[in-house]
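Before any comments, here is the structure.
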Amino acid sequence: MFERIYPAKIILPMKMHSGVPAVPSVKKGDYVRIGQCVGIPAKGTFSVPVHSGISGYVTDISEITLPNGIITPAVTIVNDMKRTRLDSVKPRSGFKLSASEAIGIIRDAGICGMGGEGIPTAAKLKRAKTEVVKDFLVNCLQSEPYSTSDLVAITEYPDYVVLGSCACARAVGASRCVFLISENRKEQRQAIANSIDKIRNDFKDLEFDIKLFRERFPQGYYRLVARALYGKNLVPGETLEKTCSAVLFNCSTMLACWEALSDNIPMMSRIVSVSGDASGGHNMLVPVGTPVSELLTNAQDIKNGSDRIVWGNCLTGIEITDPENTPVVKTTSVISVVRRAEVPRTPCIHCGLCSECCPMNLSPNTIYEMLNQGLKQKAAEEGARDCIACGSCSYVCPAGINLTTAIASFAGEGRIIEINSLLDNSGASDKELEAASFVGEASLLEEYPDRDKKSRASSPDSITLPFEKDKEV
Ligand code: SF4
Ligand code: SF4
Numbered sequence: 036m037f038e039r040i041y042p043a044k045i046i047l048p049m050k051m052h053s054g055v056p057a058v059p060s061v062k063k064g065d066y067v068r069i070g071q072c073v074g075i076p077a078k079g080t081f082s083v084p085v086h087s088g089i090s091g092y093v094t095d096i097s098e099i100t101l102p103n104g105i106i107t108p109a110v111t112i113v114n115d116m117k118r119t120r121l122d123s124v125k126p127r128s129g130f131k132l133s134a135s136e137a138i139g140i141i142r143d144a145g146i147c148g149m150g151g152e153g154i155p156t157a158a159k160l161k162r163a164k165t166e167v168v169k170d171f172l173v174n175c176l177q178s179e180p181y182s183t184s185d186l187v188a189i190t191e192y193p194d195y196v197v198l199g200s201c202a203c204a205r206a207v208g209a210s211r212c213v214f215l216i217s218e219n220r221k222e223q224r225q226a227i228a229n230s231i232d233k234i235r236n237d238f239k240d241l242e243f244d245i246k247l248f249r250e251r252f253p254q255g256y257y258r259l260v261a262r263a264l265y266g267k268n269l270v271p272g273e274t275l276e277k278t279c280s281a282v283l284f285n286c287s288t289m290l291a292c293w294e295a296l297s298d299n300i301p302m303m304s305r306i307v308s309v310s311g312d313a314s315g316g317h318n319m320l321v322p323v324g325t326p327v328s329e330l331l332t333n334a335q336d337i338k339n340g341s342d343r344i345v346w347g348n349c350l351t352g353i354e355i356t357d358p359e360n361t362p363v364v365k366t367t368s369v370i371s372v373v374r375r376a377e378v379p380r381t382p383c384i385h386c387g388l389c390s391e392c393c394p395m396n397l398s399p400n401t402i403y404e405m406l407n408q409g410l411k412q413k414a415a416e417e418g419a420r421d422c423i424a425c426g427s428c429s430y431v432c433p434a435g436i437n438l439t440t441a442i443a444s445f446a447g448e449g450r451i452i453e454i455n456s457l458l459d460n461s462g463a464s465d466k467e468l469e470a471a472s473f474v475g476e477a478s479l480l481e482e483y484p485d486r487d488k489k490s491r492a493s494s495p496d497s498i499t500l501p502f503e504k505d506k507e508v
C-alpha cells in the first residue's frame with residue numbers, strides 16, 4: 036500500500052545519476068506537461084534525460100547543491116494541479132522491438148538504477164549484451180533498515196516487475212531470469228511466482244528461478260551476490276558480467292523499464308519510504324523532484340522537530356536540514372526519520388565489533404588508522420578498496436567513530452573509475468543508439484513508432500513483447 040502525493044512544486048536536478056548531468060531544455064515561464072522531457076543529454080555524452088511528473092509552469096532554473104555535495108542545475112516547476120499529460124504517454128500497441136530499440140526506449144525514458152548509484156540502465160544493458168551474459172538477476176532484497184519501497188513495488192505491481200525483467204533479459208540475450216528475494220518475504224515471493232506463471236508461455240526461451248537469501252543487512256550489493264550465487268570474490272575492477280556471466284538490476288528499475296516499454300511512461304515518479312524509529316512507516320508514490328518537506332507533511336505521525344531527517348537510509352544516508360529545498364531524486368528509496376541519540380566519542384576501545392559486522396571481512400579500525408596516518412598503499416593492501424559503504428561499522432562502533440566515511444570515500448575513488456569505464460564502454464558511440472539521441476524536442480518518446488516501423492523488418496535481433504490490447508494507463 037502507498038499514498039499518492041501530488042506536490043505543489045517539484046525541483047528537478049539535472050544530475051540524479053552516475054555520469055554527465057543533463058542540460059535544461061525548457062526556460063523560465065514554459066508550460067510543461069506530465070511526461071515532458073525538461074533536461075536532455077548534452078550532445079555527444081552518454082547521460083540521462085529528466086522528465087516532469089507534474090504539469091505546470093517552470094518558475095526557476097538555477098544551480099542547487101544536493102545533500103551528497105553534487106552541484107547541479109535544477110528546473111523548478113510549480114504544479115497547476117491540472118494533471119495535463121503528454122499525448123505520447125499512453126500504452127504502445129503490440130509490435131516487435133529490436134533489442135537496441137528496447138534499450139533506446141529505456142535510455143530515452145531517463146531510467147537509471149533506482150537502488151543505488153543511479154547507473155544509466157541503458158548503459159548497463161548494453162554492456163550486458165556485449166558481454167553475452169547468461170543470467171539476468173533481479174534484486175528484490177531491499178535489506179536497508181526501514182526501507183520497504185521496493186517491497187511495496189513488488190506487492191503492488193508484480194506483473195510489471197516480472198515483465199520488465201523478462202523484456203530486459205531478452206534484450207541482452209540472457210537465458211535465465213533469476214529473482215533474489217529474502218526468505219522472510221513470503222508475500223513478495225508469492226507475488227513474483229504468480230506473475231512468472233502468468234507470462235511463462237510468452238517467454239518460453241527464458242528459464243526462471245527464485246533464489247532465497249537470509250534476511251539481513253547488507254544484501255543485494257553485486258559483490259555480495261557474486262559470492263552468494265557463484266562463489267566468486269570479485270576484486271575491484273572485476274565485473275559480475277565478465278566473471279559470473281550475470282547482470283544485476285534492482286526490481287523497481289525493472290518496473291520502470293516495463294512502464295517505458297509498455298506504456299511509454301518515462302521515469303518521472305517513484306515510491307519512497309518515509310520511515311524510522313521516529314515514524315510508523317509510510318510509502319508514498321511521488322513525482323521525482325518532490326521536496327522532502329511534502330513527504331514529511333503527509334507523514335502525520337512525525338511530530339518531533341528534533342528528529343534527524345536523513346536523505347537515504349539511516350546507516351549511510353545524509354542528514355538534511357532544509358527539507359523544503361531538498362528533492363526526492365531517482366535513487367531516493369527512503370527518507371529516514373530517526374531519533375537523535377547522544378553518541379559517545381572516545382578513542383577506539385578495540386572491541387572488534389566493526390570487524391565482526393563487516394560483510395567484506397575487513398578490519399575497519401585497522402584501515403581507518405592507516406588512512407588517518409596517510410598510509411593509503413597499506414590500507415589498499417588491507418583490502419580497503421573492497422569496502423561497499425554499507426555503514427555497518429560506524430553504526431555498531433561504541434566509540435562513535437565514523438569509520439565508513441573515511442574508508443568508503445577511499446574505496447569510492449576506485450568505484451568512480453569503474454563506473455566511468457562502464458559508461459565509456461557501454462555503447463556511447465553505438466550508431467543505432469546515437470541515431471536515437473536527443474535533438475532538443477520536448478519529448479522524443481513520440482518518435483518511436485515511426486523509427487520502429489523502419490527498422491523492425493530488417494532487425495536480426497527482434498524481440499516480441501506481449502502487450503495487452505487497449506490497456507488504459
Ligand atoms: S562500511 Fe564498514 S562494514 Fe561496510 S563494507 Fe565498508 S568497512 Fe565494511
Ligand atoms: S567498533 Fe569502534 S571501538 Fe570497536 S574496534 Fe571498531 S573502531 Fe574500535
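Here this note's numbering is used: the first residue of the sequence shown is 36, the next is one more, and so on.
The beta carbon of each residue, even a glycine, is placed where N, CA and C say it ideally should be.
{"query": "Ligand 2 heavy atom lying under 8 Å from the CB of Ser427", "result": "no"}
{"query": "The segment 43 to 56 contacting the segment 152 to 171, beta-carbon criterion three pairs below 8 Å", "result": "yes"}
{"query": "Through-space distance from Tyr41 to Met319, alpha-carbon basis", "result": "10 Å"}
{"query": "Proximity test, Leu438 beta-carbon vs ligand 2 heavy atom, cut-off 8 Å", "result": "yes"}
{"query": "DSSP beta-bridge partners of Cys212", "result": "Phe171, Phe243"}
{"query": "Proximity below 9 Å, CB of Ala204 to CB of Phe238", "result": "yes"}
{"query": "Ile353: CB within 8 Å of a non-hydrogen atom of ligand 1", "result": "no"}
{"query": "Reduced DSSP category for Ala414 - H, G, I as helix; E, B as strand; rest coil", "result": "helix"}
{"query": "DSSP-derived helix/strand/coil call for Met319", "result": "strand"}
{"query": "Any non-hydrogen atom of ligand 1 within 8 Å of Ala446 CB", "result": "yes"}
{"query": "Residues sharing a beta bridge with His86, DSSP", "result": "Cys72"}
{"query": "Three-state secondary structure (DSSP) of Ser494", "result": "With a pLDDT of 47 at Ser494, under the threshold of 50, the predicted position of this residue should be treated as unreliable, and no value is reported."}
{"query": "Status (buried if at least 16 other CB within 10 Å, exposed otherwise) for Arg235", "result": "exposed"}
{"query": "Alpha carbon of Glu469 to alpha carbon of Ser82, nearest angstrom", "result": "Low confidence applies to Glu469: its pLDDT is 41, below 50, so where it sits in the model is not reliable enough to give any reading."}
{"query": "Separation of Ile231 from Tyr265, as counted between CA atoms", "result": "23 Å"}
{"query": "Minimum length 4: unbroken alpha helix (DSSP H) runs contained in the segment 323 to 380", "result": "327 to 333"}
{"query": "Counterpart residues of Leu283 in DSSP-defined beta bridges", "result": "Leu172"}
{"query": "Residues bridged to Glu98 (per DSSP)", "result": "Pro108"}
{"query": "Classification of Met36 by the beta-carbon crowding that lies within 10 angstroms, buried from 16 upward", "result": "exposed"}
{"query": "Assigned secondary structure, Ala291 (DSSP; H/G/I helix, E/B strand, else coil)", "result": "helix"}
{"query": "Rounded straight-line distance, which links the Cα of Leu397 to that of Ala415", "result": "11 Å"}
{"query": "Candidates Leu101, Asn114, Ile99, Ile105, of which the one nearest Ser90 by Cα", "result": "Asn114"}
{"query": "Pro48 beta carbon less than 9 Å from that of Pro271", "result": "no"}
{"query": "Cut-off 6 Å between Cβ atoms - residues of its own chain near Gly435, not counting five sequence neighbours on either side", "result": "Val378, Pro379, Arg380"}
{"query": "Residue from Leu215, Arg375, Ala295 with nearest C-alpha to Ser123", "result": "Ala295"}
{"query": "Closer than 8 Å: Ala434 CB and nearest ligand 4 heavy atom", "result": "Only ligand 1 and ligand 2 can be found as ligands here, which leaves ligand 4 out of the picture."}
{"query": "First through last residue of the beta strand (DSSP E) which encompasses Val307", "result": "304 to 311"}
{"query": "When Gly418, Leu275, Pro84 are compared against Val167, the one with the closest alpha-carbon", "result": "Leu275"}
{"query": "Whole-angstrom distance between Gly316 and Leu330, CA atom to CA atom", "result": "12 Å"}
{"query": "For Pro48: DSSP bridge partner residues", "result": "Ala109"}
{"query": "Status (buried if at least 16 other CB within 10 Å, exposed otherwise) for Leu480", "result": "Only weak support exists for where Leu480 lies, its pLDDT of 39 falling under 50; the value from the coordinates is given anyway. Buried, because 16 or more other Cβ atoms sit within 10 Å of the Cβ of Leu480."}
{"query": "Environment of Thr183 [buried if 16+ CB atoms lie within 10 Å]", "result": "buried"}
{"query": "Gly409 versus Ile423: straight-line alpha-carbon distance, rounded", "result": "21 Å"}
{"query": "Contacts around Ser287, its chain only, beta-carbon distance under 6 Å, and the 5 residues preceding and following it disregarded", "result": "Met149, Asp185, Ala188"}
{"query": "CB contact flag (Lys321, Gly153, <9 Å)", "result": "Position check: residue 321 holds Val in this sequence, whereas Lys was assumed. No. Outside cutoff."}
{"query": "Glu38, DSSP secondary structure in three states", "result": "strand"}
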